[in-house]
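Only one structure is covered here, and it is reproduced in the block below.
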Amino acid sequence: MKNIPSAFLQRLDPLLQEALAGNVFSGAAVGLCLPGAGEKRFSSVWGKSSLLPGSPQITKHTLFDLASLTKPLATTLALLCLEQEGKIVLDESLPSLLEKEDACAGKQDITLRHLLNHCSGFAAHRPYFKELIHIDPQQRKNWLLDAVLREKLAYQPGTKSVYSDLGFILLGLIVEKKSGFALDSYVQQVVMEPVGLGGTIIFNPLEKKKNDFAATERCPWRNRVLRGEVHDDNTFAVGGVSGQAGLFGDVDGVLALVSLLLGVLTKKQHHPSFSADRLRHFCHRQDMAPGSSWALGFDTPSPEGSSAGSFISANSVGHLGFTGTSFWIDIDREVAVVLLTNRVHPTRENNLIKQFRPRFHDTLFAALS
Numbered sequence: 000m001k002n003i004p005s006a007f008l009q010r011l012d013p014l015l016q017e018a019l020a021g022n023v024f025s026g027a028a029v030g031l032c033l034p035g036a037g038e039k040r041f042s043s044v045w046g047k048s049s050l051l052p053g054s055p056q057i058t059k060h061t062l063f064d065l066a067s068l069t070k071p072l073a074t075t076l077a078l079l080c081l082e083q084e085g086k087i088v089l090d091e092s093l094p095s096l097l098e099k100e101d102a103c104a105g106k107q108d109i110t111l112r113h114l115l116n117h118c119s120g121f122a123a124h125r126p127y128f129k130e131l132i133h134i135d136p137q138q139r140k141n142w143l144l145d146a147v148l149r150e151k152l153a154y155q156p157g158t159k160s161v162y163s164d165l166g167f168i169l170l171g172l173i174v175e176k177k178s179g180f181a182l183d184s185y186v187q188q189v190v191m192e193p194v195g196l197g198g199t200i201i202f203n204p205l206e207k208k209k210n211d212f213a214a215t216e217r218c219p220w221r222n223r224v225l226r227g228e229v230h231d232d233n234t235f236a237v238g239g240v241s242g243q244a245g246l247f248g249d250v251d252g253v254l255a256l257v258s259l260l261l262g263v264l265t266k267k268q269h270h271p272s273f274s275a276d277r278l279r280h281f282c283h284r285q286d287m288a289p290g291s292s293w294a295l296g297f298d299t300p301s302p303e304g305s306s307a308g309s310f311i312s313a314n315s316v317g318h319l320g321f322t323g324t325s326f327w328i329d330i331d332r333e334v335a336v337v338l339l340t341n342r343v344h345p346t347r348e349n350n351l352i353k354q355f356r357p358r359f360h361d362t363l364f365a366a367l368s
């Protein structure tokens, strides 16, 4: 893939160099899909894969831990495919979806739509890994399901919005229940492979070398700098695959998928596993909970203080990843942008990305106009 055009690089490069010097991250990769005829997809890279001496430069093949980009790009798209196959409906209840009426006591009002919209009543996060690591690996997934279902709801479904990893843990397990396949296998079969992206955006890239990855955190309980193993603690404890995290990808692969979604949304491209109309529905803000910006598995720009900056159109969708990743699709402008960084290296306590993200997107969208 060609480098980002100079008109954009002239504005982006000083900002990225400043971020590297200020230790916002050790490395970054940016992908950009532009409207018009001819070549539309471009990417460029900055920095090194880690802060350790002798670390290799970031390349377009460097794999980043995509963290919560797993939620829209794997779990949500898998559910979209299952809906298209007629195996699920958005307003089906959690007990029905899991076929666990007794285990879901008190949660009968939660629907698939609530889970996708982050208004299900589940809390944001629980450190299940602290107990999971002491359980037989073959039993961990069942233990995790039971643990989430035992949680008391933090609020009544639909009454407020709380971004929830717990909800997406359940959604990943629902994909497995309804598809009959492991989540990673189903995503490859129905989302990635039909459009030539098989093996480019993957869970558990075990065959890769450590230098192929952007490093993430020096994990305090794994006692090592993480490269090529998922940063999310709960996902690691269940084998590297869950509905909330686990995907790895390089900038060109992620941009290829995100730009395809843009093409489907604008009805200029086709995905054999789901229709443009259903993808549009999933990308439409639901307004289920007061003040929520969420669509179904995708976020939309907040009116104020959005990480996507001030210039992106309201008709946009995207998502953030905890490790320093993000994508945004501006449907009106027919533009997609991918930002991959390792801001949690060497520690998740580094929150400088919060100031960087809106500046980055404002700089890019200002260059567009």
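Using numbering that gives the first Met the number 0, the first residue of the sequence shown is number 0, and each one after it goes up by one. In this text, a Cβ means the ideal position worked out from N, Cα and C, and glycines have one as well. Keep in mind it's a predicted model, so treat the numbers as computed, not measured.
Exposed unless 16 or more other CB atoms sit within 10 angstroms - verdict on residue i
i: K208; result: exposed
i: Q138; result: exposed
i: A307; result: buried
i: A20; result: exposed
i: A288; result: buried
i: P302; result: exposed
i: N233; result: buried
i: G105; result: exposed
i: K267; result: exposed
i: A365; result: exposed
i: E100; result: exposed
i: S312; result: exposed
i: H376; result: Beyond the ends of the chain as shown, which are 0 and 368, falls residue 376; an answer cannot be given.
i: H360; result: buried
i: D249; result: buried
i: A6; result: exposed
i: H270; result: buried
i: K140; result: buried
i: G195; result: exposed
i: G171; result: buried
For residue j and residue i, believed in contact at Cβ under 8 Å, the rounded distance
i: I132; j: A236; result: 6 Å
i: I200; j: G242; result: Not a contact, Cβ separation roughly 15 Å.
i: S42; j: G30; result: 4 Å
i: L381; j: F63; result: Because residue 381 is not part of the residues shown, which for the chain are 0 to 368, the question remains open.
i: L11; j: T362; result: 6 Å
i: S92; j: T74; result: Not really, about 19 Å apart at Cβ, beyond 8 Å.
i: S25; j: L8; result: At roughly 20 Å, the Cβ-Cβ gap does not stay under 8 Å, so S25 and L8 are not in contact.
i: D145; j: A102; result: 7 Å
i: N349; j: R358; result: Going by Cβ atoms, the distance from N349 to R358 rounds to 16 Å, so no, they are not a contact pair.
Proximity to residue i [Cα-Cα], best of the options
i: R125; options: F167, I134, K159 and T158; result: F167
i: T346; options: F310, P52, V224 and A365; result: V224
i: C80; options: A335, A313, A288 and S178; result: S178
i: Q285; options: L115, T75, S5 and E91; result: L115
i: L68; options: T362, L246 and S25; result: L246
i: E84; options: V229, Q107, C103 and S272; result: S272
i: Q16; options: S368, A366, D361 and F355; result: F355
i: S163; options: S25, T362, W293 and V336; result: W293
i: E206; options: G197, G227, V194 and N222; result: G227
i: T58; options: N210, G239, A365 and V229; result: N210
i: V337; options: A18, G238 and L254; result: L254
i: E192; options: L172, I173 and A77; result: A77
i: E38; options: M0, K70, P13 and R10; result: M0
i: E98; options: A18, L169 and S184; result: L169
i: V174; options: F212, D135, E130 and L96; result: L96
i: I87; options: C103, L148, L11 and K176; result: K176
i: P300; options: I330, G323, D276 and A275; result: I330
i: A27; options: R40, A18, L14 and W45; result: W45
i: R279; options: S309, G290, S305 and S315; result: S315
i: F202; options: P52, K353, A214 and L72; result: L72
Any non-hydrogen atom of the ligand MN within 8 Å of residue i CB
i: T346; result: As presented, the structure is devoid of all ligands, the ligand MN included, so that no description of it is given.
- Identify every run of the alpha helix (DSSP H) within the region 179 to 214, keeping only runs that are complete inside it and at least 4 residues long; order them along the chain. 182 to 186
- Please go through the region 90 to 131 and give each complete alpha helix (DSSP H) segment of 4 or more residues, from N-terminal end onward. 93 to 97, 111 to 115 and 128 to 131
- Query: Should the region 212 to 232 be regarded as contacting the region 261 to 275, the criterion being three or more beta carbon pairs within less than 8 Å?
  - Reply: no
- Counting Cβ pairs closer than 8 Å, one from the region 315 to 322 and one from the region 184 to 192, do we hit at least three? no
- Any 3 or more C-beta pairs closer than 8 Å across the region 116 to 123 and the region 140 to 155: yes
- Item | Completely contained beta strand (DSSP E) runs for the region 312 to 347, where each covers 3 or more residues | 315 to 320, 324 to 329 and 334 to 340
- Message: Extract the residue ranges of the alpha helix (DSSP H) inside the region 32 to 75, only unbroken runs of 4 or more that lie entirely within it.
- Response: none
- For the region 232 to 297, list the alpha helix (DSSP H) runs that are entirely contained and at least 4 residues long, ordered along the chain. 232 to 236, 250 to 264 and 275 to 281
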